[in-house]
Structures are given as structure tokens and as C-alpha cells.
Amino acid sequence: MSPARTTDHRLVRGARLVLASHNAGKLAEFSALLAGYGITVLSAGDLALPEPEETADSFTGNAVLKAVAAATAAGLPALADDSGFCVAALGGAPGIYSARWAGPSKDFPAAMARIHAEVGNTADRSAWFISVLCLAWPDGTVQTFEGRIDGQFTWPPHGANGHGYDPVFAPEGGSRTFADMTDAEKNAISHRARAFDLFRTACLPQE
Numbered sequence: 734m735s736p737a738r739t740t741d742h743r744l745v746r747g748a749r750l751v752l753a754s755h756n757a758g759k760l761a762e763f764s765a766l767l768a769g770y771g772i773t774v775l776s777a778g779d780l781a782l783p784e785p786e787e788t789a790d791s792f793t794g795n796a797v798l799k800a801v802a803a804a805t806a807a808g809l810p811a812l813a814d815d816s817g818f819c820v821a822a823l824g825g826a827p828g829i830y831s832a833r834w835a836g837p838s839k840d841f842p843a844a845m846a847r848i849h850a851e852v853g854n855t856a857d858r859s860a861w862f863i864s865v866l867c868l869a870w871p872d873g874t875v876q877t878f879e880g881r882i883d884g885q886f887t888w889p890p891h892g893a894n895g896h897g898y899d900p901v902f903a904p905e906g907g908s909r910t911f912a913d914m915t916d917a918e919k920n921a922i923s924h925r926a927r928a929f930d931l932f933r934t935a936c937l938p939q940e
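Using this note's numbering, the letters of the sequence shown map in sequence onto residues 734 to 940.
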């Protein structure tokens with residue numbers, strides 16, 4: 734049976750929150766987003782929690798799977814993100830398999846080169862990032878929030894910031910990639926920031 738979804742649960746100042754990720758880039762990004770709310774963020778790595786296998790067929794399903802596993806293991810509210818890079822010319826791939834395209838060694842340059850090779854001379858360079866956040870509670874409650882940003886797949890990669898596929902994605906309206914932007918610039922417009930805005934309204938302490 735799927736966990737019940739509700740919007741009645743809200744974090745309070747002084748709470749501890751597990752970020753259900755071992756990704757240092759995501760931890761830094763979420764720590765910045767959560768700064769100022771009086772919440773202590775612990776990563777799954779800090780707590781030596783195992784990474785569950787992502788067996789769902791959607792971003793939402795994988796986010797729920799990861800958040801519930803961390804909340805159950807830690808006995809604390811847990812926030813998980815499942816996100817991916819989607820390319821129109823590849824039918825939305827790599828999508829939910831974005832991390833797997835980079836392989837166990839997290840070789841994102843190789844993954845970006847694979848996209849470039851498979852896109853070839855296709856004229857349509859439309860691409861987008863999706864992020865689904867899931868806040869899971871030890872009582873089995875889950876809350877999910879989805880954000881998306883559209884833009885273009887760009888080649889060659891450029892920019893020294895960000896992580897993952899950031900060097901090959903330029904949001905609509907410009908030629909700068911996510912990796913060209915400062916953290917503050919990216920966090921103001923990204924797919925994760927858009928999902929976070931929904932999460933903040935529903936789940937974080939209000940001023």
C-alpha cells in the first residue's frame with residue numbers, strides 16, 4: 734500500500750532533517766536553500782544510511798522510495814530529491830536514468846559526451862531538468878513537489894560551477910549554462926528551486 738499523502742505536516746525550527754542523498758553537490762545546494770530556517774540538515778552519508786536501489790519508473794516514485802527509506806531508518810523526517818536531465822531528441826532520455834548514464838564512477842563528462850553523440854545533427858536541441866522533492870515522515874506520510882525548467886542542450890560543455898549535466902544546459906532566454914552561473918543565480922531559477930518553493934510554502938516554518 735502506498736503511504737498516505739497529506740499537506741498537514743510542517744517542519745518547525747530546531748527540527749532535524751535527513752537529506753536522503755550521498756551526493757555532495759546536492760547536500761551543498763540544499764544546505765544553502767535551507768539556511769535561515771533553523772533546521773539542522775544531516776545527510777544520509779553522515780548517518781551511514783545505505784542508498785536504496787532506485788527501482789521506480791518515475792521521478793516521483795524514486796523520490797518517495799529514497800525519502801521513505803531514510804525516514805524509516807533514521808526515525809526522522811527525510812527529504813529526497815529525484816531529478817534528471819531530459820533531451821527531446823532522445824525521447825526524454827536520460828531522464829530517470831541520468832545518474833546511471835554516468836555509471837558507478839559518476840563520470841558525467843562521459844554521460845554528456847554520450848548525449849552529444851546520440852543527438853548527432855538533430856536540429857531540435859530542446860532539453861529540460863525536472864526535480865521532484867519528497868518529504869517523508871517516520872509515520873509513513875509523504876509530501877511531493879515537482880519543479881521543471883526548460884532550455885537547450887548545448888555543446889561543448891562550458892562553465893566551472895554546478896554539478897552533473899549543468900555544463901550542457903542553457904535555460905531559455907540565454908546562452909549561459911547552469912555551470913556558468915553562481916550558486917545564487919542557479920538557485921534562483923533551477924528546477925530544484927522551483928520544487929523547493931512549493932516545499933517551502935507547504936512544509937517549512939513560516940516567518
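The C-beta atom is built at its ideal place from N, Cα and C for all residues, glycine as well.
Do residue j and residue i have their beta-carbon atoms positioned less than 8 Å apart in this structure?
i	j	result
residue 797	residue 875	yes
residue 924	residue 910	no
residue 855	residue 822	yes
residue 771	residue 889	no
residue 930	residue 905	no
residue 901	residue 852	no
residue 841	residue 907	no
Terminal residues of the continuous beta strand (DSSP E) containing residue i?
i	result
residue 902	902-904
residue 766	It is not in any beta strand (DSSP E) - residue 766 instead sits in the alpha helix (DSSP H) that spans 757-767.
residue 750	749-752
How long is the line joining the alpha carbons of residue i and residue j, rounded to whole angstroms?
i	j	result
residue 736	residue 863	The predicted position of residue 736 is uncertain, since its pLDDT is 41 and thus under 50; a value taken from the coordinates is nonetheless stated next. When rounded, the distance between both Cα atoms is 23 Å.
residue 783	residue 918	32 Å
residue 749	residue 880	24 Å
residue 871	residue 828	29 Å
residue 767	residue 753	14 Å
residue 815	residue 795	6 Å
residue 873	residue 802	10 Å
Nearest to residue i by CA position, among the options, is which residue?
i	options	result
residue 758	895, 903, 919, 914	895
residue 743	900, 809, 861	809
residue 867	838, 812, 937, 830	812
residue 785	931, 805, 893	805
residue 903	852, 887, 766, 791	887
residue 847	934, 834, 772, 779	834
residue 729	788, 912, 760, 869	Outside the displayed range of the chain (734 to 940) lies residue 729, so it cannot be described from this structure.
residue 926	763, 745, 756	763
residue 765	920, 878, 912, 841	920
Please list the terminal residues of the continuous alpha helix (DSSP H) segment that includes residue i.
i	result
residue 943	Since the displayed the chain opens at 734 and closes at 940, residue 943 lies outside it and no answer follows.
Every unbroken alpha helix (DSSP H) inside the stretch 821-881 [4 residues or more]:
831-834, 841-852
Could you pull out every unbroken alpha helix (DSSP H) segment of at least 4 residues lying fully inside the stretch 761-817, listed in chain order?
792-807
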